[in-house]
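Enquirer: Sharing a structure with you now.
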Ligand SMILES: [Zn+2]
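In the working numbering, the protein residues as written are 44 to 181.
Here you go:
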């Protein structure tokens, strides 16, 4: 029995070092992945409450599979720089969605994002980068 226990322990060590080696140089997980997985699982749960043979259920199941596969591909990706940039863009977008006190515009000339306070009516915005002036409703 004890030899089986030590065999099991060795197997555990083998699997964990094998997995660590497999994950070497790969991206792993991040906040964007957590969201992708969350939405994927959410779609799957909603699908369970829909009639078994329905178009909506089929669509939700397909979406959840695509999201789960996408999250997996990102986790095992070797292009860590690209994955990092994706996550950074996502976090920026998340911040903007959460920000209820400002509106975000893009400068029509240099594409620089510009943040202005919300609810001030029509205002003239001066781009901080290229000094281009444009009027927007905030
Ligand atoms: Zn500009």
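Just so you know, even glycine gets a beta-carbon here, dropped at the ideal spot from N, CA and C.
Tell me whether residue 96 sits in a helix, a strand or coil according to DSSP, three-state version.
Expert: As a working note, residue 96 is residue 53 in the chain shown. Correct three-state label for residue 96: coil.
Enquirer: For the region 68-87 and the region 111-125, state whether three or more C-beta atom pairs, one from each stretch, are separated by less than 8 angstroms.
Expert: Yes: at least three Cβ pairs fall under 8 angstroms.
Enquirer: Residues in its own chain within less than 7 angstroms of residue 179 by CB, not counting five upstream and five downstream?
Expert: One-based indexing of the chain shown puts residue 179 at position 136. 148, 166, 168, listed in sequence order.
Enquirer: Using only CA atoms, which one of 159, 153, 163 lies nearest to residue 172?
Expert: Position 129 of the chain shown, counted from the start, is the residue given in the question as residue 172. Closest by alpha carbon: 153.
Enquirer: Mind listing, in chain order, the continuous alpha helix (DSSP H) runs of no fewer than 4 residues lying wholly within the region 112-180?
Expert: With a minimum length of 4 residues, the continuous alpha helix (DSSP H) runs that stay inside the region 112-180 are 123-141.
Enquirer: Taking just the CA atoms, how far does residue 107 sit from residue 86?
Expert: By one-based count along the chain shown, residue 86 stands at place 43. By one-based count along the chain shown, residue 107 stands at place 64. Approximately 6 angstroms between the Cα atoms of the pair.
Enquirer: Would DSSP call residue 81 helix, strand or coil?
Expert: The residue labelled residue 81 in the question sits at position 38 within the chain shown. Helix at residue 81.
Enquirer: Is the CB-CB distance between residue 134 and residue 74 below 8 angstroms?
Expert: Stepping through the chain shown from its first residue, residue 134 is reached at position 91. Stepping through the chain shown from its first residue, residue 74 is reached at position 31. Cβ distance < 8 angstroms, so residue 134 and residue 74 count as in contact.
Enquirer: DSSP three-state label for residue 52, please.
Expert: Your numbering for residue 52 matches position 9 in the chain shown. Helix, per DSSP.
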